[in-house]
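In what follows, a structure is listed as structure tokens, so that the remarks can point back to it.
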Amino acid sequence: MLHMASLRNSESVGSRAAERPAAAVGPSAAVAADPVLAAGYDVLLDVGPGKATMAEVARRAGISRMTLYRRHDQMRTLISEVLTAELAVVMADSVANAGQAPGPARVADIATGAARAIAEHPLMLRLIELDPATLLPLLVTRRGSTQRAAESILADVLASEPGLVLDAEADVVARTIVTAASAFVFTESLARAEGVAGDRWPQFHRMIEGYLT
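Mind the numbering: the sequence shown is residues 226 to 438 in this note's numbering, read in order.
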């Protein structure tokens, strides 16, 4: 890979992403019903995780910082709770909207629906636009609570499909699918900049269905 060409391409994609304001979107009903999570959601959408502060979340939630710290000892745990709550809604919707075909096709429907909904979620796009470095550890050094929650839900889906995978393999298969989905989620902005965002989701579905067949 030529370094200068790569650098120019990165700058071009980054500048185009910065020019696009994140679409206004409210949180899920579960997040909106909790003043702390709703405030955290709004702060993340406004400034991203790198500049988000507990003081600002407390101010928007209408509570003291001490009250907030009793619930969350650091900003990272608050961010995780917001993202996990949003993920739970996305996963539930994906399960409900999956096709009726049993086996690999249904699991691929759920995985693709969830991954695409997360990738296209304005909050996720905003986090990647404002502070992608914050998300890097989720790819290279640790699995976050949001990823673990997705793996747990997907493992249950796999186990509910008779004969699809061995019970002992459900967890590792779910983790493999979530790992593959993460690459698609975290590259959504790049795919949009290159004009191929919509083209890749049928390929993802085919990949997951083939993996399970």
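Here a beta-carbon is modelled for each residue, glycine too, at the ideal position from N, C-alpha and C.
Residue i, enclosing alpha helix (DSSP H) - first and last residue
i           : result
residue 444 : Residue coverage of the chain in this structure runs from 226 to 438, which leaves residue 444 outside it and unanswerable.
residue 289 : Premise fails: residue 289 is in no alpha helix (DSSP H) and is neither H nor E.
residue 306 : 300 to 322
residue 363 : 362 to 365
residue 337 : 329 to 344
residue 260 : 260 to 272
residue 352 : 347 to 355
Cutoff 7 Å; reference residue i; Cβ partners in own chain excluding five residues on either side
i           : result
residue 264 : 282, 285 and 286
residue 323 : 331, 334, 335 and 338
residue 370 : 305 and 309
Whole-angstrom distance between residue j and residue i, CA atom to CA atom
i           : j           : result
residue 376 : residue 393 : 14 Å
residue 389 : residue 400 : 15 Å
residue 432 : residue 259 : 38 Å
residue 422 : residue 279 : 34 Å
residue 295 : residue 320 : 34 Å
residue 413 : residue 347 : 11 Å
residue 327 : residue 434 : 11 Å
residue 248 : residue 344 : Confidence in residue 248 is poor, its pLDDT being 43 and thus under 50, which makes the residue's placement too unreliable to answer from.
residue 427 : residue 292 : 46 Å
residue 405 : residue 325 : 24 Å
residue 364 : residue 407 : 8 Å
Residue i, DSSP secondary structure in three states
i           : result
residue 428 : helix
residue 381 : helix
residue 253 : coil
residue 422 : coil
residue 296 : helix
residue 372 : helix
residue 277 : coil
residue 406 : helix
Own chain, CB closer than 8 Å to residue i, minus 5 neighbours either side, in chain order
i           : result
residue 425 : 409 and 416
Contact set for residue i: own chain, Cβ-Cβ below 6 Å, skip 5 residues either direction
i           : result
residue 353 : 414
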